[in-house]
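A short worksheet on the structure shown next.
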Amino acid sequence: MKNPPKKLLDQVRDAIRLKHYSYRTEETYVQWIVRYILFQNKRHPKEMGVPEIEEFLTHLAVEGNVAAATQNQSFSTQFYFCTAKFYGRN
Numbered sequence: 001m002k003n004p005p006k007k008l009l010d011q012v013r014d015a016i017r018l019k020h021y022s023y024r025t026e027e028t029y030v031q032w033i034v035r036y037i038l039f040q041n042k043r044h045p046k047e048m049g050v051p052e053i054e055e056f057l058t059h060l061a062v063e064g065n066v067a068a069a070t071q072n073q074s075f076s077t078q079f080y081f082c083t084a085k086f087y088g089r090n
């Protein structure tokens, strides 16, 4: 019997662990991805790209009133896992 495919956040955790990131980094990345998905009405990150990431970051800056460092942390997470490296996009 074939194993069902892993859920997105389990795949994210696996990818982070392969890179030997700290547990705290793993938890932070997962939290940002969950916030991003919820902000985009539970759309899968494979269906989204740069415009959706920009929309989320703008929301954080304008309505979320978060610091630039927080925005950068979120951007790094979104870029790495939701656009280029995690899904093998160029």
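Residue 1 is where the sequence shown starts when you use the numbering used here, and the numbers rise one by one after that.
All residues carry an ideal CB built from backbone N, CA and C; glycine is no exception.
With 16 other Cβ atoms within 10 Å as the buried cut-off, status of residue i
| i | result |
| --- | --- |
| Pro4 | exposed |
| Tyr23 | exposed |
| Asn90 | Low confidence applies here, because Asn90 scores a pLDDT of 44, under 50, leaving its location unreliable; read the following figure in that light. Exposed, because fewer than 16 other Cβ atoms sit within 10 Å of the Cβ of Asn90. |
| Val12 | buried |
| Gln78 | buried |
| Leu60 | buried |
Under 9 Å between C-beta atoms of residue i and residue j
| i | j | result |
| --- | --- | --- |
| Glu55 | Arg43 | no |
| Tyr36 | Ser74 | yes |
| Asp14 | Lys6 | yes |
| Leu9 | Val34 | yes |
Starting from the N-terminal side, write out each stretch of the beta strand (DSSP E) that is 3 residues or longer and does not extend beyond the segment 9–85. none
Three or more C-beta pairs below 8 Å linking the segment 64–71 and the segment 23–41: no
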